[in-house]
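This report concerns only the one structure given below.
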Amino acid sequence: MSLHRHNPAELSPPTGFSHAVTATGTRLVFLAGQTALDTEGKVVGEGITEQFTTALANLLTALRHAGGTPADLARVTVYTTDVPGYRDHAHELGRIWRRLAGRDYPAMAVIGVVRLWDEQALVELDGFAVLDEPAPA
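Written as structure tokens, this is what we have:
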């Protein structure tokens with residue numbers, strides 16, 4: 000599997016994302032939207048940073064169970080009901096990303112939404128990864 004991150008000099012320098020990612024591999028993993036749900040199905044965390052941490056951990060757990068690693072992520076979309084809060088905490092969210100997922104940034108977008116499926120959820124992440132190895136048996 001090979002992911003190549005493209006960050007052209009003609010574009011603004013990316014911070015915490017890649018402008019484009021090309022991928023070659025044999026298996027795609029599509030990751031469902033993950034919020035800050037615990038194992039009981041309840042949203043945990045009062046603020047956006049706590050919820051982002053749990054949502055990202057949940058996304059990475061699903062990816063690991065599919066045989067992937069954070070470096071395999073080609074695309075992640077973040078949906079938030081609080082874009083100003085997300086922007087205000089961007090540096091902290093970046094530190095959380097680096098701690099949990101490393102510095103191989105996928106192509107990303109942050110999209111403001113009116114609400115998510117669970118009304119208490121402030122953030123949801125989905126995405127896809129490209130893996131080179133065959134599917135686990």
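Just so we're aligned: 29 in numbering that gives the first Met the number 0 is position 30 of the sequence shown, and the numbers increase by one with no gaps anywhere.
Backbone N, C-alpha and C fix where the C-beta goes; we use that ideal spot for every residue, glycine too.
Note that the coordinates shown come from a computational prediction; the quantities given were computed from them, not determined experimentally.
query, result
"Residue burial classification, Ala108 (beta-carbon count within 10 angstroms, cutoff 16)", "exposed"
"Three-way DSSP call (helix, strand, coil) for Thr52 in this model", "helix"
"DSSP three-state assignment for Tyr85, whether helix, strand or coil", "helix"
"Counted within 10 angstroms of its Cβ, other Cβ atoms place Asn6 as buried (16 or more) or exposed", "exposed"
"Alpha carbon of Thr76 to alpha carbon of Glu132, nearest angstrom", "24 Å"
"CA-to-CA distance, Thr52 to Ile95, given in whole angstroms", "7 Å"
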